[in-house]
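Trainee:
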Amino acid sequence: MTVPAIEIRQLKKRYRKVEALRGLDLTVEAGSVCGFLGPNGAGKTTTMKILMGLIRPTSGWAAVNGIDVRDRGLLARSRIGYLPQDPAFPSHQTVRGVVVTAGRLYPGHPHGSALRRRADELIDRVGMANKAKRRMAGLSGGERQRVGVAQALIGDPELVILDEPSAGLDPTGRRDMLDLIDEIRTEATVFYSTHILNDVERVSDTVAMISRGTIVAQGDIDEILTVSDTDYAVRLRGDTKALLARLVDEPWVESISTRRHGEIEDWVVRLSDDSLVERLAPALVDGDQHDIIELHLSDGRLEDAYLALVGADDGD
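Throughout the sequence shown, residue numbering follows this note's numbering, covering 31 to 346 in sequence.
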């Protein structure tokens with residue numbers, strides 16, 4: 031049996047009065063691309079830092095490729111390439127210098143010209159060959175992210191951990207980053223955090239959703255997006271507070287998850303039975319403070335699944 035790339039059991043982390051992780055369980059199979067999805071503050075970065083040995087858990091157990099990250103942390107880290115959420119590289123170093131320096135940190139790394147050749151290969155792969163001699167201080171945010179990917183790959187890792195790799199990038203930069211992730215999957219397991227739903231749908235085999243420090247769903251994308259005949263997507267405009275208060279008290283409504291985009295609200299309403307949809311439509315149009323723009327059976331979009339499982343009021 032293949033050992034999972036990541037295995038976490040009952041992981042907890044408390045920062046004074048804040049409980050960042052609350053008994054988190056997670057398995058990421060080797061050779062997969064797993065999107066770690068959740069709102070800001072849900073525990074994504076804390077989980078990744080524990081895997082990297084940068085912080086210690088309060089309790090629980092975590093392993094990378096079967097190696098306990100607490101008892102054998104150095105060995106575990108030698109198998110990982112890591113891009114932090116806000117990479118901070120020495121401003122005076124060149125692009126090549128950053129990648130070569132990262133390579134020297136790995137046990138058994140190539141030396142001298144062999145290491146420089148490997149660094150140049152990766153710099154070219156991430157589209158920075160023409161800026162290999164440029165100092166980090168002169169690079170844009172997207173360029174620094176590219177360098178971050180190159181240094182994460184320099185040790186030929188079995189697992190690549192990327193923390194919000196698309197954060198702050200423009201649409202072109204996001205597309206290029208996803209293309210890089212798609213390439214990396216041929217040689218390593220990729221575990222990356224994000225709150226951008228479209229990114230997960232584009233490149234991930236599996237997804238793990240975290241909310242308030244616990245995993246609320248994990249599995250293949252197709253499993254997560256299984257269409258339910260009791261979940262209805264509703265799009266509204268206007269003052270919806272009174273409507274929401276009325277609906278959550280109805281015994282035939284199991285849950286309502288909401289997300290606001292400017293003047294528009296998207297809801298996922300989960301009914302206790304599919305036959306009760308005949309009650310939903312009249313209840314939605316009751317009142318003159320809001321307009322109903324759309325009402326339809328949830329079509330299995332990741333956004334609908336995310337709203338139903340995580341909601342919109344989590345995180346920072």
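In this text, a Cβ means the ideal position worked out from N, Cα and C, and glycines have one as well.
1) To the nearest angstrom, report how far apart Asn-70 and Arg-134 are at their CA atoms.
2) Give the secondary structure of Ala-60 by DSSP, where H, G and I count as helix, E and B as strand, and everything else as coil.
3) Is it the case that the segment 190-209 contacts the segment 285-303, given that we only count it when at least three CB pairs across the two stretches are under 8 Å?
4) Entirely within the segment 73-103 and at least 4 residues each: give me those alpha helix (DSSP H) ranges in chain order.
5) Helix, strand or coil: how does DSSP classify Ile-240 here?
6) Pull the bridge partners of Val-299 from the DSSP assignment, please.
7) Assuming Arg-44 is part of the beta strand (DSSP E), what are its boundary residues?
8) Excluding sequence positions up to five away, which residues of its chain have a Cβ less than 6 Å from the Cβ of Ala-106?
9) When you compare each of Ala-35, Gly-53, Glu-37 and Glu-280 to Arg-242 by their alpha carbons, which one comes out closest?
10) Can you give the Cα-Cα distance for Asp-229 and Asp-316, rounded to whole angstroms?
11) If you run the structure through DSSP and keep just helix, strand and coil, what is Gln-175?
12) Indicate whether Gly-51 and Gly-103 have their beta-carbon atoms separated by less than 9 Å.
13) Give the single residue among Asn-160, Leu-337 and Glu-151 whose Cα lies nearest to the Cα of Asp-186.
14) With a threshold of 6 Å on Cβ separation, who are the neighbours of Thr-88 within its own chain once the five nearest residues in sequence on each side are excluded?
15) In chain order, what residues of the same chain have a beta carbon less than 6 Å from the beta carbon of Glu-324, not counting five sequence neighbours either side?
16) Closest to Val-48 by C-alpha separation, out of Leu-67, Gly-73 and Lys-271, would be which residue?
17) Need the endpoints of the alpha helix (DSSP H) that Ile-153 sits in, please.
18) From what residue to what residue does the alpha helix (DSSP H) around Ile-214 run?
19) Less than 9 Å between the beta carbons of Val-156 and Ala-180, yes or no?
20) Who are the near neighbours of Asp-259 in its chain, counting only those whose CB is closer than 6 Å to its CB and skipping five residues on each side?
21) Rounded to the nearest angstrom, how far is the Cβ of Thr-224 from that of Gly-65, given a contact under 8 Å?
22) Would you kindly work out how many angstroms separate the C-alpha atoms of Phe-221 and Gln-175, rounded to a whole number?
Mentor: In short:
1) In the sequence shown, residue 70 corresponds to position 40, counting from 1. In the sequence shown, residue 134 corresponds to position 104, counting from 1. In a straight line, the C-alpha of Asn-70 is about 33 Å away from that of Arg-134.
2) What you label residue 60 is simply residue 30 of the sequence shown in a count that begins at 1. In the three-state reduction of the DSSP assignment, Ala-60 falls in the coil class.
3) Contact fails: fewer than three Cβ-Cβ distances are below 8 Å.
4) Within the segment 73-103, the complete alpha helix (DSSP H) segments at least 4 residues long are 74-81, listed from N- to C-terminus.
5) For this step, residue 240 is matched to residue 210 along the sequence shown. Ile-240: strand per DSSP, three-state reduction.
6) Here residue 299 refers to the residue found at position 269 when the sequence shown is read from its first residue. According to DSSP, Val-299 bridges with Tyr-262 and Ile-286.
7) Taking the first residue of the sequence shown as position 1, residue 44 is located at position 14. Where Arg-44 is concerned, the enclosing beta strand (DSSP E) starts and stops at 36-45.
8) Numbered from 1 along the sequence shown, position 76 holds the residue referred to as residue 106. Excluding sequence neighbours, Ala-106 sits near Val-94, Ile-97 and Val-99.
9) Against the sequence shown, residue 242 aligns to sequence position 212. The shortest C-alpha separation from Arg-242 is found at Gly-53.
10) Here residue 229 corresponds to residue number 199 of the sequence shown, with the count starting at 1. Here residue 316 corresponds to residue number 286 of the sequence shown, with the count starting at 1. Distance between the alpha carbons of Asp-229 and Asp-316 is about 37 Å.
11) Translated into positions along the sequence shown, residue 175 becomes position 145. Three-state DSSP puts Gln-175 in a helix.
12) Here the question's residue 51 lines up with position 21 in the sequence shown. Here the question's residue 103 lines up with position 73 in the sequence shown. At residue 51 the sequence reads Leu, which differs from the Gly that was named. Cβ distance not < 9 Å, so Leu-51 and Gly-103 don't count as in contact.
13) Numbered from 1 along the sequence shown, position 156 holds the residue referred to as residue 186. When only C-alpha atoms are compared, the closest one is Glu-151.
14) Numbered from 1 along the sequence shown, position 58 holds the residue referred to as residue 88. Excluding the 5 residues flanking it on each side, Thr-88 has same chain C-beta neighbours closer than 6 Å at Lys-42, Lys-43 and Arg-44, in chain order.
15) Mapped onto the sequence shown, residue 324 falls at position 294. Counting only residues of its own chain and dropping the five nearest sequence neighbours on each side, Glu-324 has a CB closer than 6 Å to the CB of Arg-265.
16) Along the sequence shown, read from residue 1 onward, the residue named residue 48 stands at position 18. Between Val-48 and the set Leu-67, Gly-73 and Lys-271, the nearest pair of CA atoms involves Gly-73.
17) Counting from 1 along the sequence shown, the entry for residue 153 is found at position 123. Start and end: 142-155.
18) As a first step, residue 214 is located in the sequence shown; it is residue number 184 there, counting from the start. 201-214 is the extent of the alpha helix (DSSP H) around Ile-214.
19) Here residue 156 corresponds to residue number 126 of the sequence shown, with the count starting at 1. Here residue 180 corresponds to residue number 150 of the sequence shown, with the count starting at 1. Less than 9 Å divides the Cβ of Val-156 from the Cβ of Ala-180.
20) Taking the sequence shown and counting its residues from 1, the one referred to as residue 259 is at position 229. Sequence-distant partners of Asp-259 (beyond 5 residues in either direction) whose C-beta falls short of 6 Å from its own C-beta, in its chain, are Asp-304.
21) As a working mapping, residue 224 is identified with position 194 in the sequence shown. As a working mapping, residue 65 is identified with position 35 in the sequence shown. Thr-224 to Gly-65, Cβ: 6 Å. Contact.
22) The residue you call residue 221 lines up with position 191 of the sequence shown. The residue you call residue 175 lines up with position 145 of the sequence shown. Taking the Cα positions, Phe-221 is about 16 Å away from Gln-175.
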